[in-house]
Structure formats: C-alpha cells, structure tokens
Amino acid sequence: MTFHRRLWDLVVLAIAVFAAAFATAPWFAFRALKAAAQYEDVQAIGELVDFPAVRRSLTAELNETPAAAPAEPPSLWRDPLRVFKRAIEPIAPPEPRVDRYLTVAGLAALTRGYPPGAAPPAPQKPTTALDQIEAAVAGPHPAVAYWDPNRVRISVKRPGQPSKTTTFTFRRDRLFTWRLVHIRLPVDER
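With the first letter of the sequence shown counted as 1, position 6 gets the number 79 in our numbering; the numbers rise by one all the way through.
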C-alpha cells in the first residue's frame with residue numbers, strides 16, 4: 074500500500090469515529106444522568122441538567138396556575154376581625170408541584186420511567202456474568218424518539234405499562250456536551 078492510500082484510510086476512519094461519537098453523545102448524556110441520579114451525584118446532575126429550563130417546561134406542563142391577583146386587603150374600619158385574622162395566618166406559600174420532579178430521587182425515578190415516589194427499589198447488582206448479561210438484555214430500554222444535530226429526544230417506557238412514556242429532551246451546548254432542557258411526562262400524569 075502506498076502512503077497516500079494509508080493516509081486516506083486513516084482520514085476516513087477518523088471521520089467515521091467522529092460521526093459515531095457525535096451521534097451517540099446524547100445517549101451517553103442520558104446514561105450519565107441516569108447513573109448520577111442513581112448514585113446521588115449532585116455535582117454531575119448539576120452539570121447535566123439545565124434546571125431553569127426544565128423547571129419552566131415542567132411548570133407549563135403541569136398546568137400550575139400562577140397566583141391570582143391578590144384581593145383587596147381588608148379594611149380596619151370595615152372588617153377589623155378579618156384584618157387580625159389575616160395578620161396571624163401563615164405566610165409560607167404551598168410547595169410547587171415541580172419540585173418533586175427536580176430532586177435526585179425524582180430524576181432517578183423519571184429516568185427509569187416512573188413518576189417521582191412511585192418507583193420500586195432499584196434491583197440488586199448482578200454478581201455472575203450470566204446475571205449481568207440478563208440484566209443488560211432485560212428491558213425496557215431508552216429509545217431515541219427524535220434526533221437532530223442540536224436537539225435529541227430520548228423516550229423511556231414505563232416497565233409493565235408501555236403506553237406511558239417519559240421523554241427527555243437534550244440540547245447540545247458544545248460539540249460533545251449535551252444538557253437536559255425538558256421532560257415530557259405521560260399524558261395522564263400532566
């Protein structure tokens with residue numbers, strides 16, 4: 074073989090490796106998010122999730138209604154008892170529904186296809202090689218629902234209920250860096 078032929082083969086191989094790495098990077102980002110949530114690695118989750126974007130999207134999806142315009146405060150001259158009642162009421166607002174989805178346990182459940190708080194305990198790590206192969210083959214597996222160079226949607230079907238699908242949308246930040254920007258819940262859980 075000539076030097077030019079070997080150089081050409083090397084260039085083609087480098088292009089193929091680059092294309093494969095670029096195309097599979099979002100799947101590896103999802104796997105990293107799943108592992109970080111499973112092992113409670115808060116720093117890794119912070120690097121993989123764009124929390125303000127996910128919070129906005131989940132808030133809109135869960136149909137949380139913004140607080141209504143406050144009513145006119147009671148007048149001391151017209152309703153003095155209501156004024157005192159309002160003064161001693163607790164001021165803390167209720168916890169937003171979105172918060173349970175954005176915890177480590179919530180993300181761990183979502184990456185397995187379950188809603189937060191409803192996921193069964195994670196299965197034990199297989200010890201033998203045959204058990205490891207069976208665990209790797211056992212489904213359901215995440216699937217790419219949509220792919221383009223800047224945005225990827227990965228769907229996870231709930232074990233035992235394949236009609237319920239949770240979809241994770243990743244956006245490319247840099248060449249091989251992807252961040253979670255949206256979570257679409259199954260229709261009946263919105």
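We treat Cβ as the ideally placed atom computed from N, Cα and C, and that holds for glycine.
Predicted model only: the values in this text are computed from it and were never measured.
Span separating the alpha-carbon of residue i from that of residue j
{"i": "T242", "j": "I227", "result": "6 Å"}
{"i": "I88", "j": "G190", "result": "44 Å"}
{"i": "R151", "j": "A192", "result": "53 Å"}
{"i": "P232", "j": "R244", "result": "26 Å"}
{"i": "F76", "j": "D82", "result": "10 Å"}
{"i": "E162", "j": "E262", "result": "32 Å"}
{"i": "S236", "j": "R78", "result": "52 Å"}
{"i": "P99", "j": "V85", "result": "23 Å"}
{"i": "P215", "j": "T97", "result": "13 Å"}
{"i": "A92", "j": "E207", "result": "30 Å"}
{"i": "E120", "j": "D246", "result": "11 Å"}
{"i": "P153", "j": "V177", "result": "47 Å"}
{"i": "Q62", "j": "E145", "result": "This structure leaves residue 62 out entirely; the chain is present only between 74 and 263."}
{"i": "P194", "j": "Y112", "result": "13 Å"}
{"i": "L149", "j": "F157", "result": "9 Å"}
{"i": "G186", "j": "R104", "result": "13 Å"}
Contact check, residue i vs residue j, beta carbons under 8 Å
{"i": "V254", "j": "D123", "result": "yes"}
{"i": "A108", "j": "I118", "result": "no"}
{"i": "L106", "j": "T184", "result": "yes"}
{"i": "R173", "j": "G179", "result": "yes"}
{"i": "T240", "j": "A218", "result": "yes"}
{"i": "A181", "j": "P188", "result": "no"}
{"i": "V127", "j": "L175", "result": "yes"}
{"i": "P196", "j": "Q205", "result": "no"}
{"i": "P147", "j": "R129", "result": "no"}
{"i": "V135", "j": "I256", "result": "Correcting the residue identity first, residue 135 is Leu in this sequence and not Val. For L135 and I256, no; Cβs fall outside 8 Å."}
For residue i, the three-state DSSP class (helix, strand or coil)
{"i": "T97", "result": "helix"}
{"i": "S130", "result": "helix"}
{"i": "F249", "result": "coil"}
{"i": "Q234", "result": "strand"}
{"i": "A144", "result": "coil"}
{"i": "R170", "result": "helix"}
{"i": "Q195", "result": "It should be noted that the sequence gives Ala, not Gln, for residue 195. Correct three-state label for A195: coil."}
{"i": "H255", "result": "strand"}
{"i": "W220", "result": "strand"}
{"i": "T184", "result": "helix"}
{"i": "R79", "result": "helix"}
Assigned exposure category for residue i - 16 Cβ within 10 Å defines buried
{"i": "R155", "result": "exposed"}
{"i": "W251", "result": "buried"}
{"i": "V260", "result": "exposed"}
{"i": "V229", "result": "buried"}
{"i": "A102", "result": "buried"}
{"i": "L203", "result": "exposed"}
{"i": "P125", "result": "exposed"}
{"i": "L248", "result": "exposed"}
{"i": "L80", "result": "exposed"}
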